[in-house]
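**Q** Take this structure, written in structure tokens, and hold onto it; I'll ask about it next.
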Amino acid sequence: MSLTERLTNAVASALGAAGLPPAADCAWEVPRQAEHGDYATNAALTLARAAQRPPRQIAEAIVRHFPAMPEVDRLEIAGPGFVNVFLAPGWVAQALGGILAAGERHGRGDELAAQRVRLEFVSANPTGPLVIVNARAAAIGDSLARLLRARGARVATEFYVNDAGTQFEALARSFEARVRQAVGESVALPEKGYPGEYLIDLAGEYVQEHKLEGPPALSAHLATLETEGGVSTLPRATERLGRWAVARMVEGQRRVLAAYGVTFDVWTSEQHDVRDKGLADRMLAELTARGLAYEQDGALWFRSTEVGEEAADDKDRVLRRRSGEATYFGVDVAYHHWVKFADADRLINLLGPDHHGYVARIRAAMQALGHPPEAFEVLLVQLVTLLRDGQPVRMSKRRGEFVLMEELLEEVGRDAARFTFLTRRHDSPLEFDLAVATRQSSDNPVYYVQYAHARIHSIARQAAEQGLASPAGGAVDLTALSDPQEQALIKRLLHFPEIVRGAARALEPHRIAFWLQELAGAFHPYYKTHRVIQDDHRLMLARLALCAAVGRVIANGLDLLGVAAPETM
RNA sequence: GCGCCCGUAGCUCAGUUGGAUAGAGCGUUGGCCUCCGAAGCCAAAGGCCAGAGGUUCGAUUCCUCUCGGGCGCACCA
Numbered sequence: 008m009s010l011t012e013r014l015t016n017a018v019a020s021a022l023g024a025a026g027l028p029p030a031a032d033c034a035w036e037v038p039r040q041a042e043h044g045d046y047a048t049n050a051a052l053t054l055a056r057a058a059q060r061p062p063r064q065i066a067e068a069i070v071r072h073f074p075a076m077p078e079v080d081r082l083e084i085a086g087p088g089f090v091n092v093f094l095a096p097g098w099v100a101q102a103l104g105g106i107l108a109a110g111e112r113h114g115r116g117d118e119l120a121a122q123r124v125r126l127e128f129v130s131a132n133p134t135g136p137l138v139i140v141n142a143r144a145a146a147i148g149d150s151l152a153r154l155l156r157a158r159g160a161r162v163a164t165e166f167y168v169n170d171a172g173t174q175f176e177a178l179a180r181s182f183e184a185r186v187r188q189a190v191g192e193s194v195a196l197p198e199k200g201y202p203g204e205y206l207i208d209l210a211g212e213y214v215q216e217h218k219l220e221g222p223p224a225l226s227a228h229l230a231t232l233e234t235e236g237g238v239s240t241l242p243r244a245t246e247r248l249g250r251w252a253v254a255r256m257v258e259g260q261r262r263v264l265a266a267y268g269v270t271f272d273v274w275t276s277e278q279h280d281v282r283d284k285g286l287a288d289r290m291l292a293e294l295t296a297r298g299l300a301y302e303q304d305g306a307l308w309f310r311s312t313e314v315g316e317e318a319a320d321d322k323d324r325v326l327r328r329r330s331g332e333a334t335y336f337g338v339d340v341a342y343h344h345w346v347k348f349a350d351a352d353r354l355i356n357l358l359g360p361d362h363h364g365y366v367a368r369i370r371a372a373m374q375a376l377g378h379p380p381e382a383f384e385v386l387l388v389q390l391v392t393l394l395r396d397g398q399p400v401r402m403s404k405r406r407g408e409f410v411l412m413e414e415l416l417e418e419v420g421r422d423a424a425r426f427t428f429l430t431r432r433h434d435s436p437l438e439f440d441l442a443v444a445t446r447q448s449s450d451n452p453v454y455y456v457q458y459a460h461a462r463i464h465s466i467a468r469q470a471a472e473q474g475l476a477s478p479a480g481g482a483v484d485l486t487a488l489s490d491p492q493e494q495a496l497i498k499r500l501l502h503f504p505e506i507v508r509g510a511a512r513a514l515e516p517h518r519i520a521f522w523l524q525e526l527a528g529a530f531h532p533y534y535k536t537h538r539v540i541q542d543d544h545r546l547m548l549a550r551l552a553l554c555a556a557v558g559r560v561i562a563n564g565l566d567l568l569g570v571a572a573p574e575t576m
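Per the working numbering, the first sequence starts with residue 8, numbered consecutively.
Below, the structure is given as structure tokens:
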């Protein structure tokens, strides 16, 4: 049972003893001001109305009947009726032992143990290399997975490859044109094609790998491709070329993500895992049978406006075009219901802001199919405005101008890039100045946190070299840690599990990043003013234990962000 | 026109399901290495939390409106 849970029980017990009704919710917070104690509750304030008593009177009753606890040194009533709790220094010092014993598990919990989560992020179209905003989504998504797992959830991370439909066809046609150009044919890029240089490079690779020397060789090659099967409305050879390009593109994306430290449990192909299995047609039939879809003007429409009180869309949406082909939406409903919900009871999708108009209809469809509204969550990751020396850089795959995620990794580095993305809320637009990030890389807050970790390991190394390593477990007298800064550090470490729990519940990994900066910000000054390695052996061992715990928690926190915790820098 | 997100220090951003005196980094100014790592520490300056109402014991936080910025509103994905 956590400390705040024990405190809550104590309040309940006190209220009972005082003959007062139980507090509906007894929330504990850590006051900003140290003078206000280590924990404070507003229970008396929230209870005042129901109990028809002044809050301070209730607070007095709570304090008077509060059961004795080894954790608590004293209580105080403050302001309009807060009950402030001051922890007992002896108990705090001993609590450090619990943190050290928990080690890697300090911060973990099991309140999400019942959840099977399907977490989709990045899911960039296979029509070009990954760009900066993908790096942001990757950092957030990967950290979310780590957070949810830390609190017990079973998480499957997923990258959904949109390798079908209009965009795929545009890519296939563009790629074919580039291949033809590569062997010397004079053909123009299709009108809605992708002009990016990456397709030129890729076409060059294709020609080289297939040893296509000149237009005749290409024609013969394309003729052989025509004989093989295809599923889109494209000429078969064009589609085959497109498939090859997509496979290469996805492989490139996968490789960059891996270099970033992000791997996915599931790579879903729209073509193979949804369309080829006929899931879309099955879904459209099912929706029609359930009366959730209707025909009009030759198209099949979903009753978005009539489904789900909160999820209601503002207009009905097309599931199947007059041409007979399912829309992206139609496919997506089938995919969400039969693929994603097949082995998960909670879906979390990270999408770009351009998708936000799309969320309502998918949510409506999921509710109509019987999934509770809270089982489908969408996090809109806002755009990254990339600056170079203060000047905005346009990022458009279609115009072929962008800064690649790969380049970001080279210029800024994996840890600094991830940490920077994770020190912003996902829903606030982000300005990322490459020049500044590169020039000031040593001022990046990530190094501040990592430096504290490296410093701690340096101390431990020196202690070990001097034969001062701490004795086998339990022999350290932690009560030596009575200094206010030491007490404050331990209390901070004790907060960590609650911070992780809150970040996982709110799906906000940035809370971890900020908290780590605060922890490092408490450790560095402590280090400056307190000698760890020193003559007082008892105090030294206790301080070594404190440092070890701080290092351990920093490492645990950085791990939740997917950032390394180096022992030397 | 309708909908969503955002507006907090010069800049980039936090602000714990509404809590007590709104914080950090960068930048600026001034100090600190014969002593466990100066990627560090100490100090100063910097705010009408866009604005106006409302709910509340209490509002940066919730509601309404106004202003300002971004993004969506396809038988595209």
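Positions of the beta carbon are idealized from the N, C-alpha and C atoms, including for glycine.
What did DSSP end up calling G277 once you bin it into helix, strand or coil?
**A** The question names Gly, but residue 277 in the sequence shown is Glu. The answer is helix: DSSP assigns E277 an H, G or I state.
**Q** Mind checking whether A145 and V129 have CB atoms under 7 Å apart?
**A** yes
**Q** I'd like to confirm the pairing. Which residues does DSSP put opposite A85 in its beta bridges?
**A** F89
**Q** Identify whether D490 lies in helix, strand or coil by the three-state DSSP scheme.
**A** coil
**Q** On the DSSP bridge assignment, give the partners of L386 in chain order.
**A** L357
**Q** Helix, strand or coil for Q64 per DSSP?
**A** helix
**Q** Which residues in the same chain as P29 place their Cβ atom closer than 8 Å to its Cβ, once the five residues preceding and following it in sequence are excluded?
**A** A19, L22 and G23
**Q** If you compare alpha carbons, which of A195, I84 and A341 is closest to K284?
**A** Among A195, I84 and A341, the Cα nearest to that of K284 belongs to A341.
**Q** Can you round the beta-carbon distance between L91 and A47 to whole angstroms, since I take them to be within the 8 Å contact cut?
**A** Residue identity differs from the one stated: residue 91 is Asn in this sequence, not Leu. 5 Å between Cβ atoms; contact.
**Q** Pick out the complete alpha helix (DSSP H) segments inside the stretch 279-325, 4 residues or longer, and give them in chain order.
**A** Assignment of alpha helix (DSSP H) within the stretch 279-325, counting only whole runs of 4 or more residues, yields 286-296 in chain order.
**Q** Would you report the Cα separation of A349 and H343, rounded to the nearest angstrom?
**A** 9 Å
**Q** Nearest CA to the CA of E7: which residue from A41, P452 and R550?
**A** Residue 7 lies beyond the range of the chain shown here (8 to 576); nothing can be said about it.
**Q** Taking its Cβ as the centre, do 16 or more other Cβ atoms sit within 10 Å of V194, making it buried, or is it exposed?
**A** exposed
**Q** Return the residue from the list L441, W345 and I106 that minimises the CA-CA distance to V610.
**A** Nothing can be reported for residue 610, as the shown portion of the chain is limited to 8 through 576.
**Q** Can the beta-carbon of L416 be found less than 7 Å from the beta-carbon of A470?
**A** Between L416 and A470, the C-beta gap is not smaller than 7 Å, which leaves the two residues out of contact.
**Q** Using beta-carbon positions only, say whether S435 and A371 come within less than 7 Å of one another.
**A** no
**Q** Which residue comes first and which comes last in the alpha helix (DSSP H) that contains T245?
**A** R243 to A266
**Q** Considering Cα atoms alone, identify which of L485, G191 and L568 is closest to L107.
**A** L485
**Q** Classify P62 as buried or exposed, calling it buried when 16 or more other Cβ atoms lie within 10 Å of its own Cβ.
**A** buried
**Q** Should the stretch 540-548 be regarded as contacting the stretch 105-123, the criterion being three or more beta carbon pairs within less than 8 Å?
**A** no
**Q** Once the 5 residues before and after R406 are set aside, which same chain residues still bring their CB inside 6 Å of it?
**A** Low local confidence applies: a pLDDT of 47 at R406 is under 50, so the model's placement there is unreliable, with the coordinate-based value given in what follows. No residues qualify anywhere along the chain.
**Q** Skipping 5 residues on each side, what residues in its chain have a beta carbon closer than 6 Å to that of R153?
**A** L567
**Q** Buried or exposed for T231, please, with buried defined as at least 16 other CB atoms from any protein chain shown within 10 angstroms of its CB.
**A** exposed
**Q** Report buried or exposed for T583, applying the criterion of at least 16 other Cβ atoms within 10 angstroms of its Cβ.
**A** Residue 583 lies beyond the stretch modelled for the chain, which goes from 8 to 576, so this question has no answer here.
**Q** Counting only the same chain and skipping the five closest in sequence on each side, list residues whose C-beta sits under 7 Å from that of E302.
**A** Within its own chain, no residue has a Cβ closer than 7 Å to the Cβ of E302 once the five positions on either side in sequence are excluded.
**Q** Can you give me the start and stop residues for the beta strand (DSSP E) that F348 sits inside?
**A** Element bounds for F348: n/a, residue is neither H nor E.
**Q** Indicate whether G203 and G259 have their beta-carbon atoms separated by less than 7 Å.
**A** Result no, Cβ atoms of G203 and G259 do not sit closer than 7 Å.
**Q** Any chance you could list the beta strand (DSSP E) runs of at least 3 consecutive residues sitting entirely within the stretch 21-77, in chain order?
**A** 46-48
**Q** What is the rounded straight-line gap between the Cα of K404 and the Cα of Y201?
**A** Any reading at K404 needs caution, since the residue's pLDDT is 47, under 50, leaving its predicted position unreliable; the model's value is listed next. A straight line joining the alpha-carbon of K404 with that of Y201 spans about 7 Å.
**Q** Can you grab the Cα-Cα spacing for the pair L52 / L394, in whole Å?
**A** 48 Å
**Q** What's the gap between the Cα of A571 and the Cα of P452?
**A** Cα to Cα, A571 sits roughly 14 Å from P452.
**Q** Kindly indicate which residue of R499, Y455, H433 and L437 has the alpha-carbon position closest to the one of A423.
**A** When only C-alpha atoms are compared, the closest one is Y455.
**Q** Could you tell me how far apart the beta carbons of Q494 and P87 are, in whole angstroms, since I believe they sit closer than 8 Å?
**A** Wrong, their Cβ atoms sit about 28 Å apart, outside the cutoff.
**Q** Could you check whether the stretch 67-81 touches the stretch 521-535, counting it as contact only if at least three pairs of C-beta atoms, one from each stretch, sit closer than 8 Å?
**A** In the pairwise beta carbon analysis, the stretch 67-81 is classified as not touching the stretch 521-535: fewer than three pairs are separated by under 8 Å.
**Q** Hey, how far is the Cα of G337 from the Cα of E220?
**A** Distance between the alpha carbons of G337 and E220 is about 43 Å.
**Q** Nearest to I497 by CA position, among Q101, D208 and R13, is which residue?
**A** Q101
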